[in-house]
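Count along the sequence shown from 1, then add 1095; that gives the number in our numbering. Ideal Cβ placement from N, Cα and C applies to all residues, glycine included. As the structure is a computational prediction, the values presented were derived from the model and not from experiment. Comments concern the structure below.
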Amino acid sequence: MNTKRRIDFTIEENYDGKKVLEYLKNKAKASSRLITKLKHDPEGIMLNGVHTRTIDLLKTGDVLSITLPADDEEVTSAVEPLPYPLKVFYEDEDLLIVEKPAGLPLHPSHNHQGDTLANAVAYHLEKQGKSSVFRSIGRLDRGTSGIVICGLNKFVTGVLNGKIYKEYMAVCDGIYEGEGIIDRPIYRPDPIKTYRTVDERGETAITEWKALSNHNGKTLLRIHLITGRTHQIRVHFSSLGTPLIGDTMYGTPRDDISRQALHCCYCKFIHPVTKEIIEIESPLPEDIAQFVK
């Protein structure tokens, strides 16, 4: 099972004389909720190896440490491991970055128990003697393939939430040239259903796109989301009369592809612990690539 994760921070000169709390919130980017939890653990927040309070002052060169609680008590109610051949792009003590195949749901739901990416990740970690609550940073629809970033503890998950740059590739039924922005609000007409539509009553939704090539009346697009609404790419291109190929909810079913032609192909972010720049690329799957050859 998981052991506690300790993360050390060496105090820089510009935090000399500042409070521990200020460093944790402003520099380490730890959430208030996590800091509160750490304060109640004797080893939660330590300064040069000794328990410290959040009001204590720092000196240049000090080593401030946080010891994150293990997930063990939460994992008891977590998903069952599923033997599944995961493609792993990156893995360390804090992060697991994998490729989600099309058709594999992200999380367990009423209709999917035991056959999700969460189950596959649980199996992957179990083989290494590890465990973790499944924390995907961002989400992909069941029919969408591509890069999924999983935080292996609460600290990195909180820091990276909303801080990851992603790009997608898609094939739509229609011709686009150059690049552009779609700025159309997205609305959920029925709170029980996942279906969305463009409607002035909806939330702001902005999609940047660049046309890469045209093939037989179709366009291969590179896409970046300014906002992250549910089904945003699918809804936006469908609203312009150019739905994604294979999209059964917003377009037309096809015999030559069993899902929407949408793939998360790229991500970039700064690792919350090591501070290195992480860049991951994932090639276009064959079932989508067939339309742009």
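From the DSSP output, in three-state form, read off residue i for me.
i       : result
SER1172 : Any reading at SER1172 is ruled out, since the residue's pLDDT is 47, under 50, leaving its predicted position unreliable.
THR1306 : Note that residue 1306 corresponds to Ala in the displayed sequence, not to Thr. Residue state, collapsed to three classes: strand.
TYR1290 : coil
THR1105 : strand
GLU1117 : helix
GLU1295 : coil
HIS1135 : coil
ARG1100 : strand
GLY1246 : strand
Would you say residue i lies against chain C (beta-carbon separation less than 8 Å)?
i       : result
GLY1253 : Judged by its chain identifiers, the structure shown contains no chain C, having just a single protein chain.
Checking 8 Å against the spacing of the C-beta atoms, do residue i and residue j come in under that value?
i       : j       : result
ASN1214 : LEU1190 : no
LEU1142 : PHE1104 : no
ILE1340 : LYS1313 : yes
PRO1338 : CYS1267 : yes
THR1149 : ILE1130 : yes
LEU1181 : PRO1200 : no
GLY1346 : GLY1269 : no
VAL1254 : LYS1124 : yes
LEU1152 : LYS1113 : yes
ILE1102 : VAL1368 : yes
What are the residues that DSSP puts in a beta bridge with residue i?
i       : result
HIS1146 : MET1141
GLU1186 : LEU1191
TYR1375 : It is Ile, not Tyr, that sits at residue 1375 in the sequence shown. CYS1362.
SER1240 : HIS1358
SER1227 : BP columns for SER1227 are empty, so no partner.
| Which runs of the beta strand (DSSP E), 3 residues or longer, sit entirely within the segment 1257 to 1281? | Listed in chain order, they are 1260 to 1267 and 1274 to 1278.
| message | Under 8 Å, with one C-beta from each stretch per pair, do the segment 1277 to 1284 and the segment 1237 to 1248 reach the 3-pair mark? | response | Touching, no, given that fewer than three Cβ pairs across the two stretches are closer than 8 Å.
| Which runs of the beta strand (DSSP E), 3 residues or longer, sit entirely within the segment 1341 to 1372? | 1357 to 1365
| message | Assess contact between the segment 1286 to 1302 and the segment 1313 to 1326, defined as three or more Cβ pairs (one per stretch) separated by less than 8 Å. Is contact present? | response | yes
| query | Are at least three pairs of beta-carbons, each pair with one atom in the segment 1353 to 1363 and one in the segment 1259 to 1272, less than 8 Å apart? | reply | In short, these stretches touch, since the Cβ pair count reaches three.
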